[in-house]
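Chemist: I have a structure I would like to understand better, so I am pasting it below and will then ask my questions one at a time.
Numbering (this note's numbering), first residue to last: -14 to 863.
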């Protein structure tokens, strides 16, 4: 009998554990201890071939945010928004701002990169094309702590996919823009490229080494397109070819005009015979998801592109991924092809008769699940038996491609704050994962340069050993959900595509921690030793020691793309940091700050954005993504245990990219939206009962983030696909606010209360910070009586040098505040300074205008308050 009771009790205990697990969620807390080499992670690493490709999921999310409700981004809207943005006044110029954005790194973490080129006259001068951080230059061969400088083109050309330099005139350079893959599917005969990186605007050209740029192949209003290869004819530099998503294009007048010579989409690679420059090879691929396409293949032209022949003779009939081509330098009749499907490797092929016949050398190259993405390829210039192929790692052949051996080890990277320009691993075979392009030094073919998802890695022995060349190459791709300490004005944490998560500790050498792709992050508001990061799809981890070790506290269904967005929002509430929320198709809550999740509501669609009240941990706003033919975008509000849809049909049907709750009043919240053709910034002042479009004069481009100054709440900051914008009058008028920052994809904006700074999280240029706008002008109330009418007084003294007082009166109105602007104009009518633009209570006021930075002359000051406008003249004498 005793044994029966023992068995029964054991069974009941086991059953209770099961019930608790399934009802209250995942309470696992597996501890991860990270050694100095970043090993011992008990979760699936980023490059597990059985997991979905992280970069594919990232690109698809980025594409969906910009394209919805269409399948692909509109072809002309982004550049139209850019052109319009140039008409928006700059806050810094109008207000003569003393501060600007400053980069705080990371200077020790290279970002995803696509191409590289040498200066024809100096092999220590390199040009790198990043995936979303623009064009960069090094004059040190990539060596040193500050080896790289950003070259701004004057255009929002963030994805630089190819570079070609005129060897006869090295000041002339062409760069191809846009990163677009055909992976996924076709619809109605059109290739829907849902897997894309940044917008393309065609080909840009400089003739002065990068000081200024013009549009060569002008695809400004065809932003769906991308350029994969630009080649100059080595014997006639006026002849330029481009392999693009729209086939092969040619110019015979140095890029002044172009015409199409091959009308097959997704030309991924191209080579020209350096001896007989009328011979060209191009590969077509990456069209559809595991569906053969008749146009896929390698094509050859023997008449400079006038006509093309599809090569067969032993090549596979078709493939679904990326194929790269190589010619052996000393004998260009030797042609090589590395052929991939989207999720598998097809084979390595070679030809010794200029492509007439081909031999399959091997199928034994591990492409993982990224045959649509990787597959770089290079034959050593002085030895055709030595070949490197770039997949996830670099593999090398010493027998002409018959077999390959893995040479690099992406997982050997260091944890910690590696100084910029120093080795990123204690292992000499470390090179970052995902090789996109190889190039060798034209003076020394042993020196191989590997362009990867972690920047540039150089080998002096053609792929046997490596060292990093990323000092100052600030191209890391951060995601939204950036966490700042509430106690330490320096400490913060963010998640990066391909580069784990990283802490800022006051220097540009950020501390790398965690694994694979870092996502959303947070810092406990009362104890910044406690911080959180996330692997893909809501798989949350907690650290109690600033990232030295991590415990998994993921909610139910974490890691599953059916349950969570690729970057799933979660928060540790400011009012009570032990109370956490994470959003997927359900909203989960933890009251321990370390897991034990409870389902508090069904959202129906996956959450993309979230914020909580700073004063009540029971008030949370959640934005969910729209689903075609199923559900519009929604904003929900959790009050206590009640989840309510507060969209009320008043928000646009676009991806809700961010929500920000006023830290002083949780009835006031802001939301930003992606896509095109609608408003992008909305506000509620009554807890979601009504939403107001406050987009005003902002450009019609996807917006990613919004925050307000908790001290001067009329100051609203937003980040979008061109940078940062600010309104100082609660959204009535907007200024650009990007001085010191290049055109950048701003994914998050966060306020550092302890230092009154604002930080901008970019997807391609690291992190920037600057001072918040201080109260723009000292406004002094005059008396307590409410005036009966508007007035603007003559300034005193007048003439003046350099300061003068301006008085004005605002009568009682129905609203508590009235928007008032006070602007200064020169004698030609040009706006030279805005000294006041904010909501003001009725009363009489005095402001002091400081003209110390203006020259002597006649000026006009003008007030605008509702229907009242008045202008007066003043004279500055110095």
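Using N, Cα and C, we set each Cβ at its ideal position, and we do this for glycine too.
Quantities reported herein were computed from a predicted structural model and do not represent experimental measurements.
1. Could you check the C-alpha separation between residue 429 and residue 183 for me, to the nearest Å?
2. To the nearest angstrom, how far is the alpha carbon of residue 438 from that of residue 486?
3. Closer than 7 Å by C-beta to residue 350: which residues in its own chain qualify, once you throw out the five before and the five after it? Chain order, please.
4. Can you name the residues that DSSP bridges to residue 790?
5. Should residue 863 be labelled buried (16 or more other beta-carbon atoms within 10 Å of its own) or exposed?
6. Given this structure, state the Cα-to-Cα distance separating residue 848 from residue 736, to the nearest angstrom.
7. Is it buried or exposed, residue 3, if we count other Cβ atoms within 10 angstroms and call 16 or more buried?
8. Whole beta strand (DSSP E) runs in the region 446 to 480 with 3 or more residues, listed along the chain?
9. Restricting to Cα atoms, I'd like to know which of 826, 785, 640, 718 is closest to residue 765.
10. Let's test the definition: count the other Cβ atoms within 10 Å of the Cβ of residue 816 and tell me whether it reaches 16, buried, or not, exposed.
11. Is it buried or exposed for residue 770, if we count other Cβ within 10 angstroms and need 16 for buried?
12. May I ask which residues mark the beginning and end of the beta strand (DSSP E) holding residue 822?
13. CA-CA distance, residue 703 and residue 693?
14. Since residue 234 sits in a beta bridge, which residues does DSSP pair it with?
15. Indicate the three-state DSSP secondary structure (helix, strand or coil) for residue 41 in the structure shown.
16. Rounded to the nearest angstrom, what separates residue 671 and residue 855 at their Cα positions?
17. Pick out whichever of 600, 528, 541, 549 has its Cα sitting closest to the Cα of residue 561.
18. Let me confirm a value: residue 259 is counted as buried when at least 16 other C-beta atoms fall within 10 Å, else exposed. Which label applies?
19. Less than 8 Å between the CB atoms is what I'm expecting for residue 161 and residue 116, so what's the real figure, rounded?
20. I think residue 72 touches residue 755, with their Cβ atoms under 8 Å apart; what is that distance to the nearest whole Å?
21. Please classify residue 843: is it buried, with 16 or more other beta-carbons within 10 angstroms of its beta-carbon, or exposed?
22. Of the choices 507, 541, 563, whose alpha-carbon is the least far from that of residue 555?
23. Might you give, ordered along the chain, the residues of its own chain that have their beta carbon closer than 7 Å to the beta carbon of residue 304, omitting 5 neighbours on each side?
24. Return the residue from the list 662, 622, 705 that minimises the CA-CA distance to residue 669.
25. Who are the Cβ neighbours of residue 65 in its own chain at under 8 Å, not counting the five residues just before and after it?
26. Can you grab the Cα-Cα spacing for the pair residue 579 / residue 698, in whole Å?
27. Would you mind working out which of 778, 126, 667, 188 sits nearest residue 146, comparing C-alpha positions?
28. Could you tell me the alpha carbon to alpha carbon distance between residue 112 and residue 101, rounded to whole angstroms?
29. Once DSSP output is grouped into helix, strand and coil, what is the label at residue 49?
30. What is the DSSP secondary structure of residue 346, counted as helix, strand or coil?
31. Flag residue 611 as yes if its beta-carbon sits less than 8 Å from any beta-carbon of chain C, otherwise no.
32. DSSP puts residue 436 in a beta bridge; with which residues?
33. For residue 838, collect the residues of the same chain with a Cβ closer than 7 Å to its Cβ; drop the 5 residues on either side in sequence, then sort them by chain order.
34. By alpha-carbon positions, which one of 46, 151, 38, 40 ends up nearest to residue 687?
35. Between 457, 648, 666, 653, which has its C-alpha nearest residue 639's C-alpha?
36. Based on Cα-Cα distance, which residue from 644, 484, 573 lies nearest to residue 586?
Modeler: Short version:
1. For the purposes of this step, residue 429 is identified with residue 444 of the chain shown, where counting begins at 1. For the purposes of this step, residue 183 is identified with residue 198 of the chain shown, where counting begins at 1. Looking at the two C-alpha atoms, the distance is approximately 34 Å.
2. Position 453 of the chain shown holds residue 438. Position 501 of the chain shown holds residue 486. Roughly 15 Å between the two C-alpha positions.
3. For the purposes of this step, residue 350 is taken as the residue at position 365 of the chain shown. Cβ neighbours of residue 350 within its own chain (closer than 7 Å, five residues either side excluded): 330, 333, 374, 376, 380, 389.
4. In the chain shown, residue 790 corresponds to position 805, counting from 1. Answer is 781, 833, bridged to residue 790.
5. The residue labelled residue 863 in the question sits at position 878 within the chain shown. When all chains shown are included, residue 863 counts as exposed.
6. For this step, residue 848 is matched to residue 863 along the chain shown. For this step, residue 736 is matched to residue 751 along the chain shown. So the two alpha carbons sit approximately 31 Å from each other.
7. For the purposes of this step, residue 3 is taken as the residue at position 18 of the chain shown. With a pLDDT of only 37 at residue 3, under the threshold of 50, the placement of this residue in the model should not be trusted, and no figure is reported.
8. Whole beta strand (DSSP E) segments, 3+ residues: 477 to 480.
9. Along the chain shown, read from residue 1 onward, the residue named residue 765 stands at position 780. Looking at the Cα atoms, 826 is the closest of the given residues.
10. Taking the chain shown and counting its residues from 1, one reaches residue 816 at position 831. Under this definition residue 816 is an exposed residue.
11. Counted from its first residue, the chain shown places residue 770 at position 785. Its Cβ having fewer than 16 others within 10 Å, residue 770 is exposed.
12. Counting from 1 along the chain shown, the entry for residue 822 is found at position 837. Where residue 822 is concerned, the enclosing beta strand (DSSP E) starts and stops at 816 to 825.
13. On the chain shown, residue 703 is found 718 positions in, with the first residue counted as 1. On the chain shown, residue 693 is found 708 positions in, with the first residue counted as 1. Cα to Cα, residue 703 sits roughly 9 Å from residue 693.
14. Mapped onto the chain shown, residue 234 falls at position 249. DSSP output for residue 234 lists 227, 245 as bridge partner(s).
15. Here residue 41 refers to the residue found at position 56 of the chain shown. Residue 41: helix per DSSP, three-state reduction.
16. As a working note, residue 671 is residue 686 in the chain shown. As a working note, residue 855 is residue 870 in the chain shown. Taking the straight line from one Cα to the other gives about 34 Å.
17. Locating residue 561 in the chain shown gives position 576, where the first residue counts as 1. It is 600.
18. Taking the first residue of the chain shown as position 1, residue 259 is located at position 274. Around the beta carbon of residue 259, a 10 Å sphere encloses fewer than 16 other beta carbons of the protein chains shown; the residue is thus reported as exposed.
19. Here residue 161 corresponds to residue number 176 of the chain shown, with the count starting at 1. Here residue 116 corresponds to residue number 131 of the chain shown, with the count starting at 1. Wrong, their Cβ atoms sit about 13 Å apart, outside the cutoff.
20. Numbered from its first residue, the chain shown carries residue 72 at position 87. Numbered from its first residue, the chain shown carries residue 755 at position 770. Incorrect: roughly 23 Å between the Cβ atoms, too far for contact.
21. Counting from 1 along the chain shown, the entry for residue 843 is found at position 858. Around the beta carbon of residue 843, fewer than 16 other beta carbons sit within 10 angstroms, so the residue counts as exposed.
22. Sequence index remark: in the chain shown, residue 555 carries index 570 (1-based). Out of 507, 541, 563, 507 has the C-alpha closest to the C-alpha of residue 555.
23. Along the chain shown, one-based indexing puts residue 304 at 319. Taking residue 304 as the centre and dropping the five residues before and after it, the same chain places the C-beta of 270, 281, 324, 325, 326, 331 closer than 7 Å to its C-beta, in chain order.
24. Position 684 of the chain shown holds residue 669. Closest by alpha carbon: 622.
25. The residue you call residue 65 lines up with position 80 of the chain shown. Within the same chain, residue 65 has close Cβ partners 206, 685.
26. Numbered from 1 along the chain shown, position 594 holds the residue referred to as residue 579. Numbered from 1 along the chain shown, position 713 holds the residue referred to as residue 698. About 33 Å.
27. Residue numbering aside, residue 146 sits at position 161 when the chain shown is read from its first letter. The shortest C-alpha separation from residue 146 is found at 188.
28. Here residue 112 is taken as the residue at index 127 of the chain shown, counted from 1. Here residue 101 is taken as the residue at index 116 of the chain shown, counted from 1. Per the coordinates, the alpha-carbon of residue 112 lies some 6 Å from the alpha-carbon of residue 101.
29. Walking along the chain shown from the start, residue 49 turns up at place 64. The three-state reading of DSSP puts residue 49 in helix, counting H, G and I together.
30. Against the chain shown, residue 346 aligns to sequence position 361. When secondary structure is reduced to three states using DSSP, residue 346 falls in the strand class.
31. Of the chains in the structure shown, none is chain C; there is only one protein chain.
32. Working through the chain shown from its first residue, we reach residue 436 at position 451. Bridge partners of residue 436: 422, 441.
33. On the chain shown, position 853 is the one that residue 838 refers to. Excluding sequence neighbours, residue 838 sits near 81.
34. Here residue 687 is taken as the residue at index 702 of the chain shown, counted from 1. It is 46.
35. Residue mapping note: residue 639 aligns to position 654 of the chain shown, counting from 1. In terms of Cα proximity to residue 639, the closest of 457, 648, 666, 653 is 666.
36. In the chain shown, counting from the first residue as 1, residue 586 sits at position 601. Ranking the options by Cα distance to residue 586, first place goes to 573.
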